[in-house]
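Numbered per this note's numbering, the sequence shown spans residues 2 to 135. Right, one structure below, let's go through it.
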Amino acid sequence: MGVPLCMQHQKWIRNHEATPQAIELYFLLKQNGVPAELEKHDGHKSVDIVIEEAKVHIEVDGVHHNYDNRQALADLKRTFHAFRQGYITLRIPNSLIHWNAEETADYITEFLELNLKRQPKKGFTGIFQQLFGK
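Here it is as structure tokens:
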């Protein structure tokens, strides 16, 4: 993680199967006030990061997602399944987290804010204000 961690947080990280890049992005999103959940199961698969209120899944992918055609097709099927359930899937390459983690988190936060504005629902305004203070 790049910083010393207390025993409680070391145990927390060991209990998750998320990659270091997914964990880093998760914490950066949390710093931005995003109500993110790490490694949430959607009934079909485990998703790296989920933002339920915005109906967004975030998958943090290694290079094999681009070079292995079977993996790419499996990813497309997972994205399709999530879309049928009303979710948008953002696929973030590990390299973005490695080289531009904070900027990536800021763009994702802005993406989420825009997506929430496009999904007016009963009580939505209060949820948006609560989540993002706007």
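Every residue, glycine too, gets a C-beta built ideally from N, C-alpha and C. Because the structure is a prediction, the values reported are computed rather than measured.
{"query": "Where the alpha helix (DSSP H) containing K118 begins and where it ends", "result": "95-119"}
{"query": "Residues that D62 bridges to, as DSSP identifies them", "result": "P94"}
{"query": "W100 to D107 span [Cα, whole Å]", "result": "14 Å"}
{"query": "Those residues which DSSP pairs with L39 across a bridge", "result": "I50"}
{"query": "Minimum C-alpha distance to L115 - residue among I89, K78, N95, G63", "result": "I89"}
{"query": "Reference I59; option with closest CA among L113, E103, E104", "result": "L113"}
{"query": "Rounded straight-line distance, which links the Cα of Q32 to that of H45", "result": "29 Å"}
{"query": "Where the alpha helix (DSSP H) through T80 begins and ends", "result": "70-85"}
{"query": "For I89, the residue or residues it bridges with in DSSP", "result": "V57"}
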